[in-house]
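In the working numbering, the protein residues as written are 332 to 1205.
Shown next as structure tokens:
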């Protein structure tokens, strides 16, 4: 599964949002043993696959639905075989259900005992069964309504009913299931752990015009006399229980074809054109992944089904459940596609469904691969530079930022608090980054051969990381225990300090490399002291550049020598940024400027930009050197061949003064890429210069929503009288999912004009899209101090967010209440936070609660008394 922003782990932290709002930034710090970098934690108890005495073979569900009570009603027919001698009692995972009977398929009644606390249904069989026999039991039951768990994102667990309500009038009438990690036993009894595979079947009856989408192939649709239809779905390939799914709703079916495998998208009837546009590349993804893995897509069809109030995608077998925000109009597609989410979930059909982690400790075998295959699709479609910039670099940065926030563990560990705790940056971004490193170690030919062997050997089976390692070694003949020990089973990464020397008489370049990382004494997990890895080094001279590979050894200090034809002008340590690392490589400004202008490696140029940005703000950098840097960065902003470098150059120039800086940024507002245009406007907007208001007003008509958003915010910052009217006019412009309205509200908040409270109050209501509501509540927080209308709206919104598990809007609303700085509001915010803390274990939430408590104490403290003045004797 993938969330649209970051996956399941904590979503957005309250404290982090507030820190960012107050202008503080996250810095990536080296691995240290300082207490500030991490706090000592006890190692969670080890988890293991739970024992069970049977092998599940087939799960068949026959269901109807009660929309008013939000219940599923029917039977679960469970076929299984003993996995031990003399099996007479079995346990199924089951919770949130009322049972009305259990019987054999022959009709003979069986004794049963539900245990809601243990989430089990215990069944006494009619006799002792032996291995080799097959048993089928039929469980009659109904679910007991929605399982509402705060903090699990904008969705509940198990079976979810969506219906329009006063709090969510935009909702569609839908039912969907969410099974990962172990939540399907909240809507049907089964063995709900990933180590046992079974086939599945569903007969679901719904009223017309609703449709049912499930797994495998649609066997038939029966038209009933009571204005209902029964949909019969069959998945005859075995799979883990959590991958069974159902979606009920009103849809239009969009069909594609790929080498005989139907590719289907179920979209809303009023979004067919947008659905076709957004999913146009899906069949090509199926073809590409089949070709590269050497394993043809393994199921009867591939479907995507859109649902409301779902935070991302879930790779249910052959039928991915997707957020309905995946669908874009043509104007949105100018800025972004949904390829990342679509390719991630599709990749799971091989890595996560066809071959599934046996234990959640190995979830990176699902999520790391899906994350990396997102990147591989970008590499295929958009080229190497995009792959390195938007995927490899971004995944490494996401991991390093988590490390800097003291979120630290190995990729694989049996010690975890619960499965949900493992769906984090280690399973996703670090997992994908480690696979990229493994590909570099093996080389492309052996990499793809190894993946094909892994998928073929373990088809339709659960696996562990050691089986993955063994499969690679079998396919390639390489021993990789060192790689998995350092990068998978232990935490950490190298912190490298590189120094270079050039000896002119011998024409020898020497690189001295020191591994400076220190163990984290506060972490109970195993840690790697030093790291081993091949590293590509790019060396450029007057005659050109070439790349040599060296072997980083697991030792503290190491030197590499290179014979060159003339003094080196460019040295890029880790060409292509393959290695997960922190790099300290001090260079003169001239060398950094040369690298920015001449390095063919996009990650080398962006690294040089980062170093130049630091140098610009160092006190020892004089005016002349600053001008050299800004001139070179400005040139890169206008001339670099890759948009990502131009984008980063605009970031470097943000907030800087000077005519040349402004000229470069103004030129970049006409860049062909909307991301660069928007970034240039953001950078200019930091000056809050009213002379640029006309430029921003003109940009409000840009074809890109992203550029319009940047222009609206920058225009608001100028605080020009005309800004308010221009932004108010933007509120009336039609747009997809109210994107322009959200942009206008952000800009209005920046104006500081109290008149903007009226549209803020109007757009904060639940009849508007989530993005525009978020912008509205933040506006109310910025402008609504001392206005009696503001606080009640924000408190009501926050309570709705708590009730609906709407984390994103809830964070924004809590931030807005905090910024109002109203004692009554802080008191009620604190009360809500105390309630939420009882339901959610989250360090950032606790930190924000403490922040609110501190603010309340400051308000309640008596004012300091003036010291008594001594009376003078006259």
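Don't be surprised by glycine CBs; every beta carbon is placed ideally from N, CA and C.
With a threshold of 16 other CB atoms inside 10 Å of the CB of residue i, please say whether the residue is buried or exposed.
i: residue 1017; result: exposed
i: residue 459; result: exposed
i: residue 813; result: exposed
i: residue 1189; result: exposed
i: residue 613; result: buried
i: residue 767; result: buried
i: residue 1030; result: buried
i: residue 882; result: exposed
i: residue 1162; result: exposed
i: residue 1089; result: exposed
i: residue 422; result: buried
i: residue 438; result: exposed
i: residue 797; result: exposed
Looking only at its own chain, which residues have a Cβ that is under 6 Å from the Cβ of residue i, when we skip the five neighbours before and after it?
i: residue 628; result: 592, 617 and 621
i: residue 939; result: 923, 926 and 927
i: residue 482; result: Below a pLDDT of 50, predicted positions are generally treated as unreliable, and residue 482, at 44, falls in that range; the measurement from the model is reported next regardless. Only 1171 meet the Cβ criterion.
i: residue 983; result: 940, 944 and 964
i: residue 784; result: 802 and 806
i: residue 489; result: 478, 514, 517 and 518
Helix, strand or coil for residue i? Go by DSSP, reduced to three states.
i: residue 1102; result: helix
i: residue 506; result: strand
i: residue 563; result: strand
i: residue 442; result: strand
i: residue 1055; result: helix
i: residue 428; result: strand
i: residue 831; result: strand
i: residue 791; result: coil
i: residue 457; result: strand
i: residue 466; result: strand
Identify, in the order they occur along the chain, each residue of the same chain with its Cβ nearer than 7 Å to the Cβ of residue i, setting aside the five sequence neighbours on each side.
i: residue 1099; result: 1069
i: residue 565; result: 532, 547, 548 and 550
i: residue 744; result: 692 and 856
i: residue 823; result: 362, 848, 858 and 859
i: residue 671; result: 705
i: residue 795; result: 689, 690 and 693
i: residue 1153; result: 1122
i: residue 450; result: 424, 425, 426 and 516
i: residue 894; result: 838 and 839
i: residue 711; result: 619
Note the first and the last residue of the continuous beta strand (DSSP E) segment covering residue i.
i: residue 621; result: Counting along the chain, residue 621 falls outside any beta strand (DSSP E), though it belongs to the alpha helix (DSSP H) covering 613–624.
i: residue 759; result: No beta strand (DSSP E) holds residue 759; DSSP gives it neither H nor E.
i: residue 556; result: First-last for residue 556: undefined, no H or E at that position.
i: residue 392; result: 385–397
i: residue 587; result: 583–589
i: residue 448; result: Counting along the chain, residue 448 falls outside any beta strand (DSSP E), and DSSP gives it neither H nor E.
i: residue 1048; result: Segment 1036–1049 is the alpha helix (DSSP H) holding residue 1048; no beta strand (DSSP E) there.
i: residue 995; result: Per DSSP, residue 995 belongs to no beta strand (DSSP E); it is in the alpha helix (DSSP H), 990–999.
Give the straight-line distance between the Cα atoms of residue i and residue j, rounded to the nearest whole angstrom.
i: residue 933; j: residue 719; result: 7 Å
i: residue 1019; j: residue 623; result: 50 Å
i: residue 750; j: residue 524; result: 11 Å
i: residue 849; j: residue 733; result: 17 Å
i: residue 578; j: residue 527; result: 24 Å
i: residue 906; j: residue 802; result: 29 Å
i: residue 517; j: residue 731; result: 36 Å
i: residue 472; j: residue 399; result: 17 Å
i: residue 1133; j: residue 1141; result: 7 Å
i: residue 1043; j: residue 1143; result: 19 Å
i: residue 558; j: residue 1004; result: 52 Å
i: residue 1110; j: residue 868; result: 49 Å
The alpha helix (DSSP H) with residue i in it runs from where to where?
i: residue 674; result: 670–679
i: residue 1159; result: 1154–1170
i: residue 697; result: 695–713
i: residue 1184; result: 1174–1191
i: residue 1013; result: 1005–1016
i: residue 978; result: 974–984
Please find out if some non-hydrogen atom of the ligand NAD comes closer than 7 Å to the beta-carbon of residue i.
i: residue 1057; result: Judged by which ligands are present, the structure shown has none, so any question about the ligand NAD falls away.
Which residues in the same chain have their Cβ closer than 8 Å to the Cβ of residue i, if we skip the five residues on either side of it in sequence?
i: residue 989; result: 958 and 961
Can you find a C-beta in chain B that's less than 8 Å from the C-beta of residue i?
i: residue 523; result: Judged by its chain identifiers, the structure shown contains no chain B, having just a single protein chain.
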